[in-house]
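Student:
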Amino acid sequence: MATLLLHGDLDHPATLSVADLRAWPQHRAEVTFDCATNGPQHHVFEGVLLRDLVAGAGPVFDARRRKDRSRYLLAVSGGDGHHTVLSWAELDADFCGSPVLLATRLDGEDLDGPGSQLVVPSDRCGARYVSAVTHVWFGTLSAPALVSVS
């Protein structure tokens, strides 16, 4: 059974199966995206909103401080070797509110065996669609150190 690790700056990191994800409210997304290798793809995905899953895991930011929330990132890795990064502001309802999913079903078929899939419905190309999600990391990067140039 495929699982993913939800970890990072969270009060309640977790290891989740597709069945665990299916216990969350499910949302549907009918999408068309351009795949560089296979041309246009048309699919129907069902799954949990990524923002709901992360919010349920207790992100360590102060929810009342928008600028604090806007510093957070999500790095998603898949068993297919693909990785992508999203900003929390893309998902947060106070900013973009994008309905990014961790899909539990693809075209009516359960994804229990292969694992969940990251779905970014607003993307025109499929580059941020990650199959067989293994890790979702949530956190911030440190500000770069200032270097003086002589």
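Take the sequence shown: its letter number 109 is residue 99 in the numbering used here, and every next letter is one higher. Backbone N, C-alpha and C define an ideal beta-carbon position, used for all residues, glycine too.
1) Using a 10 Å radius around the Cβ and a threshold of 16 neighbouring Cβ atoms, would you call glutamate 99 buried or exposed?
2) Using CA atoms only, rank isn't needed, just tell me which of Asp82, Ser77, Thr5 and His33 is closest to arginine 54.
3) Measuring alpha carbon to alpha carbon, tell me which residue in Glu80, Asp42, Gly103 and Glu20 is nearest valine 56.
4) Nearest CA to the CA of histidine 125: which residue from Gly68, Ser132 and Ala135?
5) Give the DSSP-derived three-state secondary structure of tryptophan 78 in the structure shown.
6) Using C-beta distances below 8 Å, list every residue in its chain close to valine 75, excluding the 5 sequence neighbours before and after it, in chain order.
7) Within the chosen definition, does the segment 84 to 101 reach the segment 29 to 37 through at least 3 CB pairs nearer than 8 Å?
8) Of the residues Leu136, Cys25, Gly116 and Arg12, which one's Cα is nearest the Cα of glycine 105?
Tutor: For this structure:
1) Residue numbering aside, residue 99 sits at position 109 when the sequence shown is read from its first letter. Exposed.
2) Here residue 54 refers to the residue found at position 64 when the sequence shown is read from its first residue. Taking only the C-alpha atoms, the option nearest arginine 54 is Asp82.
3) Within the sequence shown, the letter at position 66 stands for residue 56. Strictly speaking, residue 56 in this sequence is arginine, with valine absent from that position. It is Glu80.
4) Mapped onto the sequence shown, residue 125 falls at position 135. Among Gly68, Ser132 and Ala135, the Cα nearest to that of histidine 125 belongs to Gly68.
5) Locating residue 78 in the sequence shown gives position 88, where the first residue counts as 1. Tryptophan 78: helix per DSSP, three-state reduction.
6) Translated into positions along the sequence shown, residue 75 becomes position 85. Hits under 8 Å: Leu63, Leu64, Ala65 and Val66.
7) Under the 8 Å Cβ criterion, the segment 84 to 101 counts as touching the segment 29 to 37, having at least three qualifying pairs.
8) One-based indexing of the sequence shown puts residue 105 at position 115. Of the listed residues, the one whose Cα sits closest to glycine 105 is Arg12.
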